[in-house]
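Novice: Provided herewith is a single structure, encoded as structure tokens, for subsequent inquiry.
Protein chains in written order, with UniProt numbering: chain S, 1 to 339; chain H, 1 to 339.
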């Protein structure tokens with residue numbers, strides 16, 4: 001094997017140098033670097049010490065060209081600012097790491113055009129596979145990825161009939177379950193603060209879940225007072241104030257996520273309204289702080305860690321040539337103090 | 001230029017094909033792909049339409065080998081589960097994207113050994129530069145990165161005397177400022193819930209800030225009741241209960257971050273203690289929910305978005321051959337209801 005030289009003229013150590021120094025074959029060195037879990041701890045230690053001592057760095061660019069695999073997996077999420085995506089992503093990354101994969105992250109600010117651009121960037125930069133949130137995007141994007149043989153797993157949604165691989169949950173069913181409970185408690189004047197439903201399938205499905213529960217209970221879904229906004233505490237507070245200033249004040253405000261619900265709670269405090277005596281409020285996601293802030297929030301618990309972990313496994317299996325099935329995870333209603 | 005063929009036998013479009021289709025030079029195509037902001041909107045549109053129509057995908061692996069640049073920047077953070085890191089990272093990524101760079105993320109679970117492993121993985125995978133949190137790590141890691149010509153920016157800390165490039169703030173000074181205010185309010189029995197100070201320079205500097213304020217006020221820093229734990233609401237609650245069950249109950253509990261402080265607030269509620277009448281509680285970070293949950297929290301506002309944005313700029317400038325100086329950002333004490 002030829003020795004190449006760095007720009008400084010110093011010889012760059014090769015895998016053969018590492019193998020010689022550790023007294024093992026080059027195949028063993030390769031296994032230690034790519035699949036450390038299948039190597040004995042003693043061998044791994046000896047090889048990694050040699051890697052360390054020689055300052056060896058496997059040339060992934062050369063390898064990527066040769067094998068068409070970079071062992072990098074991309075994820076595009078709407079925003080890292082919502083803790084729930086960040087936590088799901090953390091679990092996704094931990095599981096990828098266990099399988100020797102590195103995570104590439106981009107966020108799209110909930111914009112489909114930016115997401116498309118990022119899908120192309122990550123593909124071009126060598127992502128072997130992608131995690132995407134939700135299923136709503138132009139069909140040509142799925143074509144683009146299929147042409148390039150880049151498997152995709154969709155999360156935060158479940159569409160077994162779409163033919164796309166997903167590890168998620170049914171947003172409509174989850175929100176309907178919560179709305180069924182709300183209606184059973186006797187609430188009939190329902191308000192809803194949602195993310196934009198035009199570009200966000202999860203938001204749309206959740207609103208649809210409320211309407212379905214209303215229909216089942218013989219309430220007119222046309223009476224649902226819906227405000228669409230972008231996810232932030234401030235926007236939740238403003239939307240709540242708007243709902244409460246209308247002619248027909250809702251008795252319950254169902255929010256599209258916990259961040260909006262916390263804004264609504266803040267709005268209720270500003271208006272001097274007691275929760276749930278004067279107005280009930282619900283969330284969606286069960287972020288860590290939903291349990292405490294400012295009252296323990298009634299919400300839908302999304303299995304974000306499990307979802308991230310399974311999504312990683314499903315992608316790794318797909319890259320290994322298997323055909324894992326889609327997974328639909330159950331959600332859980334967390335009844336706390338705001339309903 | 002030779003046409004290469006994909007495994008399916010379909011000719012893969014080259015940059016020359018795109019140039020011909022768009023009626024521009026190959027250099028212009030290259031500029032559109034690498035520095036879109038320096039190209040006119042009209043040209044960019046024409047070229048990107050051709051890219052799209054032909055299904056052209058620049059071969060970044062080949063280019064990476066040729067130029068030794070991948071335009072990928074790595075970030076290793078302790079955890080994505082703390083919203084404050086996620087938000088700083090979001091700003092970092094947005095700014096990188098503006099400069100045509102893609103972000104690679106890994107998280108180390110606050111473990112220095114895992115961080116070292118991830119630094120090597122990201123370097124091997126072709127990261128041109130790295131963002132790291134804090135300055136505490138073995139000197140040989142900095143050597144390793146210097147040998148490979150991979151610039152690093154340290155964030156969440158400021159050590160202008162270390163010779164390392166940083167965009168951060170002074171944790172000791174920030175916490176001292178808050179502790180000065182606490183002591184000025186008449187509190188003398190001080191408790192502290194901190195992350196492990198042995199492996200976390202930010203945590204250690206914050207505790208040191210409290211001790212410095214005590215010394216300045218002629219209080220014995222040996223009387224500081226310190227509990228070290230890992231960051232979570234549950235751990236904050238447990239540590240608070242432990243502090244309150246001791247012989248000398250603190251009058252104020254200063255927490256190493258907002259997540260621990262929210263745990264302490266939960267603990268106070270469980271014990272039937274009023275905040276701040278029976279015990280005052282402070283945080284650090286000013287996460288979005290600190291303003292509401294469960295009471296508006298007195299804390300230190302960290303300019304996380306500004307820090308992420310400037311860290312990206314400083315790295316891009318360094319990669320462009322400039323030598324930007326380190327930046328120390330000011331923090332702000334947010335006095336709310338818990339003190």
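All C-beta atoms, glycine included, are put in the ideal place defined by N, C-alpha and C. The structure displayed is predicted, hence computed values, not measured ones.
Looking at chain S, which residues of the region 305 to 324 of chain H have a Cβ within less than 8 Å of any of its Cβ atoms?
Specialist: For the region 305 to 324 of chain H, which is checked against every Cβ of chain S, not one residue is closer than 8 Å.
Novice: Let me confirm a value: residue 155/S is counted as buried when at least 16 other C-beta atoms fall within 10 Å, else exposed. Which label applies?
Specialist: Flag for residue 155/S reads buried.
Novice: So is residue 223/S buried or exposed if we call it buried at 16+ other beta carbons inside 10 Å?
Specialist: The residue is exposed, with fewer than 16 neighbouring Cβ atoms inside 10 Å.
Novice: Over what stretch of residues does the alpha helix (DSSP H) that includes residue 301/S continue unbroken?
Specialist: Where residue 301/S is concerned, there is no enclosing alpha helix (DSSP H), although the beta strand (DSSP E) it sits in stretches over 299 to 301.
Novice: So what does DSSP say about residue 49/S, is it helix, strand or coil?
Specialist: Residue 49/S falls in the helix class under three-state DSSP.
Novice: In whole angstroms, what separates the C-alpha of residue 337/S from that of residue 126/S?
Specialist: Roughly 48 Å between the two C-alpha positions.
Novice: Residue 163/S by DSSP, collapsed to three states: which one?
Specialist: In the structure shown, residue 163/S sits in coil (DSSP, three-state: anything other than H, G, I, E or B).
Novice: Can you pull the chain S neighbours of residue 125/H, defined as C-beta to C-beta under 8 Å?
Specialist: Per Cβ cutoff of 8 Å: 60, 70, 71, 72, 102.
Novice: By the criterion of Cβ-Cβ separation under 7 Å, what are the contact partners of residue 270/S in chain H?
Specialist: Chain H residues near residue 270/S: none, gap ~11 Å exceeds 7 Å.
Novice: Anything in chain H within Cβ reach of residue 288/S, meaning under 7 Å, just list it in chain order.
Specialist: Within chain H, the residues near residue 288/S are 233.
Novice: I want to see whether chain S comes within less than 8 Å of residue 332/H, judged by CB atoms only; does it?
Specialist: Not closer than 8 Å to any Cβ of chain S, the Cβ of residue 332/H fails to qualify, so no.
Novice: Which residues in the same chain have their Cβ closer than 6 Å to the Cβ of residue 252/H, if we skip the five residues on either side of it in sequence?
Specialist: Excluding sequence neighbours, residue 252/H sits near 182, 187, 190, 280.
Novice: Just to confirm my understanding: we take residue 256/H, look at its own chain, exclude 5 residues before and 5 after, and list those with CB closer than 7 Å. What are they?
Specialist: 193, 194, 195, 203, 206, 284.
Novice: Is there a Cβ from chain H that is less than 8 Å from the Cβ of residue 108/S?
Specialist: It does not: the Cβ of residue 108/S has no partner Cβ on chain H nearer than 8 Å.
Novice: Does DSSP classify residue 77/S as helix, strand or coil?
Specialist: Residue 77/S: strand per DSSP, three-state reduction.
Novice: For residue 76/H and residue 332/H, I'd like the C-alpha separation in whole angstroms.
Specialist: Spanning the two alpha carbons is a distance of roughly 26 Å.
Novice: Closer than 7 Å, Cβ to any Cβ of chain H: which residues of the region 79 to 95 of chain S, in chain order?
Specialist: Result list: 79, 80, 81, 83, 86, 87, 89, 90, 93.
Novice: Tell me whether the beta-carbon of residue 304/H lies closer than 8 Å to the beta-carbon of residue 133/H.
Specialist: Against a cut-off of 8 Å, the Cβ pair of residue 133/H and residue 304/H comes out as no contact.
Novice: What does DSSP give as the partner residue(s) for residue 129/S in the beta ladder?
Specialist: DSSP output for residue 129/S lists 73/S as bridge partner(s).
Novice: Is the number of C-beta pairs between the region 38 to 57 of chain S and the region 15 to 28 of chain S that are closer than 8 Å three or more?
Specialist: With a cut-off of 8 Å, the region 15 to 28 of chain S and the region 38 to 57 of chain S count as touching, because enough Cβ pairs lie within range.
Novice: Output needed for residue 110/H: all residues of its chain with C-beta closer than 6 Å, excluding positions within five of it in sequence on either side, in chain order.
Specialist: Cβ neighbours of residue 110/H beyond the five flanking positions: 78.
Novice: Have a look at residue 179/S and residue 209/S and give me their C-alpha separation to the nearest angstrom.
Specialist: Rounded to the nearest angstrom, the two C-alpha atoms are 7 Å apart.
Novice: Any chance you could list the beta strand (DSSP E) runs of at least 3 consecutive residues sitting entirely within the region 251 to 323 of chain S, in chain order?
Specialist: Within the region 251 to 323 of chain S, the complete beta strand (DSSP E) runs of at least 3 residues are 252 to 255, 280 to 282, 299 to 301.
Novice: Output the distance between the C-alpha atoms of residue 90/H and residue 87/S, rounded to the nearest integer angstrom.
Specialist: If I take the Cα positions, the gap works out to 14 Å.
Novice: Please compile the residues from chain S whose C-beta is within a distance smaller than 7 Å of the C-beta of residue 147/H.
Specialist: 55, listed in chain order.
Novice: Measuring only between beta-carbons, confirm whether residue 150/S sits less than 8 Å from chain H.
Specialist: Output row for residue 150/S: interface = no.
Novice: Taking 8 Å as the CB-CB cut-off, is residue 45/H touching chain S?
Specialist: Not closer than 8 Å to any Cβ of chain S, the Cβ of residue 45/H fails to qualify, so no.
Novice: Less than 8 Å between the CB atoms is what I'm expecting for residue 158/H and residue 169/H, so what's the real figure, rounded?
Specialist: Their Cβ separation, rounded to whole angstroms, is 6 Å, which keeps residue 158/H and residue 169/H in contact under 8 Å.
Novice: Please list the terminal residues of the continuous alpha helix (DSSP H) segment that includes residue 332/H.
Specialist: Taken as a continuous stretch (DSSP letters only), residue 332/H belongs to no alpha helix (DSSP H), being part of the beta strand (DSSP E) at 332 to 334.
Novice: When the Cα of residue 164/H is compared with those of 177/H, 145/H, 25/H, which residue comes out closest?
Specialist: Residue 164/H has its Cα closest to that of 145/H, out of 177/H, 145/H, 25/H.
Novice: Quick check on residue 5/H: buried or exposed, where buried means 16 or more other Cβ atoms within 10 Å of its Cβ?
Specialist: At residue 5/H, the pLDDT of 41 sits below 50, so the modelled position is not reliable and the matter cannot be decided from this model.
Novice: Give the residues from the region 237 to 267 of chain S that approach chain H closer than 9 Å (Cβ to any Cβ), ordered along the chain.
Specialist: Residues passing the 9 Å Cβ filter: 259, 262, 263, 265, 266.
Novice: Three-state secondary structure (DSSP) at residue 107/S?
Specialist: Residue 107/S falls in the strand class under three-state DSSP.
Novice: Any Cβ of chain H within less than 8 Å of the Cβ of residue 121/S?
Specialist: Yes - at least one Cβ of chain H is within 8 Å of the one on residue 121/S.
Novice: Nearest CA to the CA of residue 92/H: which residue from 335/H, 325/H, 316/H?
Specialist: Answer by Cα proximity: 316/H.
Novice: List, from N- to C-terminal side, the beta strand (DSSP E) runs of 3 residues or more that fit wholly inside the region 202 to 233 of chain H.
Specialist: Complete beta strand (DSSP E) runs here, min 3: 225 to 229.
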